[in-house]
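This report refers to the structure that appears directly beneath it.
Residue numbers (mature numbering (1 follows the signal peptide of the UniProt record, and there is no 0)): -26 to -1, 1 to 110.
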């Protein structure tokens, strides 16, 4: 998939929600996003993606100027991942929707998100749950 996606110029939406993708698979998706010139909407919700994948996605989206929506809801992403995504937002001007609902983001990650939202005029973050799921 990571090799084929950058070569596909017509696929605009990728839904991999609930596919039990872990950080190894997340790294492959991030690699594909780094090089994709067509994907505008990616749904990775309800998987087992952690901070490692969030960092990989943040690095990929630092150079991606196409993606407008990223759904990471219901994944065990914590403060490290949230902070990496927020850092990416300072240089990415195309992402307008980021869903982190029911992730495992704590106070430090929330503070980073609040700062990112203050700076961005276009980004919308889905409301975050005050009771994140337990991930085992």
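For every residue, glycine included, the Cβ atom is placed at its ideal position computed from N, Cα and C.
Checklist entry - Looking only at its own chain, which residues have a Cβ that is under 8 Å from the Cβ of residue 29, when we skip the five neighbours before and after it? => result Here residue 29 corresponds to residue number 55 of the chain shown, with the count starting at 1. Same-chain partners within the cutoff: 54, 55, 58.
Item to check | Pairwise C-alpha distance: residue -17 and residue 46 | outcome: Indexing the chain shown from 1 puts residue 46 at position 72. Indexing the chain shown from 1 puts residue -17 at position 10. Roughly 23 Å between the two C-alpha positions.
Item to check | Residues that residue 99 bridges to, as DSSP identifies them | outcome: Counting from 1 along the chain shown, the entry for residue 99 is found at position 125. DSSP, once it has assigned bridges, lists 72 as partnering residue 99.
Item to check | Assigned secondary structure, residue 110 (DSSP; H/G/I helix, E/B strand, else coil) | outcome: Numbered from 1 along the chain shown, position 136 holds the residue referred to as residue 110. For residue 110, the predicted structure reports a pLDDT of 43, less than 50, and the residue's modelled location is therefore unreliable. A value from the coordinates is still provided. If DSSP states are grouped into helix, strand and coil, residue 110 belongs with coil.
Next on the checklist: Is the separation between the beta-carbon of residue 67 and that of residue 42 shorter than 8 Å?
Outcome noted: As a position in the chain shown, residue 67 is number 93, starting the count at 1. As a position in the chain shown, residue 42 is number 68, starting the count at 1. Contact flag unset, no.
Checklist entry - Roughly how many angstroms lie between the CA atoms of residue 78 and residue 11, to the nearest whole one? => result Residue numbering aside, residue 78 sits at position 104 when the chain shown is read from its first letter. Residue numbering aside, residue 11 sits at position 37 when the chain shown is read from its first letter. Each residue's Cα considered, the two are about 30 Å apart.
Checklist entry - Are residue 19 and residue -4 close, meaning C-beta to C-beta below 8 Å? => result Along the chain shown, read from residue 1 onward, the residue named residue 19 stands at position 45. Along the chain shown, read from residue 1 onward, the residue named residue -4 stands at position 23. The answer is no: Cβ separation not under 8 Å.
Next on the checklist: Within 10 Å of its beta-carbon, does residue 93 have 16 or more other beta-carbons around it, so buried, or fewer, so exposed?
Outcome noted: By 1-based counting over the chain shown, the position of residue 93 is 119. Residue 93 comes out exposed.
Next on the checklist: Within 10 Å of its beta-carbon, does residue 110 have 16 or more other beta-carbons around it, so buried, or fewer, so exposed?
Outcome noted: To locate residue 110, count along the chain shown from 1; it is residue 136. For residue 110, the pLDDT reaches just 43, beneath the cut-off of 50, and the residue's location in the model is therefore unreliable, although a value from the coordinates is still provided. Exposed, because fewer than 16 other Cβ atoms sit within 10 Å of the Cβ of residue 110.
Checklist entry - What's the call for residue 27, buried or exposed, on a 16-neighbour Cβ count within 10 Å? => result Working through the chain shown from its first residue, we reach residue 27 at position 53. Buried.
Next on the checklist: Taking DSSP's pairing of strands, which residues face residue 17 in a bridge?
Outcome noted: Walking along the chain shown from the start, residue 17 turns up at place 43. DSSP output for residue 17 lists -12, 45 as bridge partner(s).
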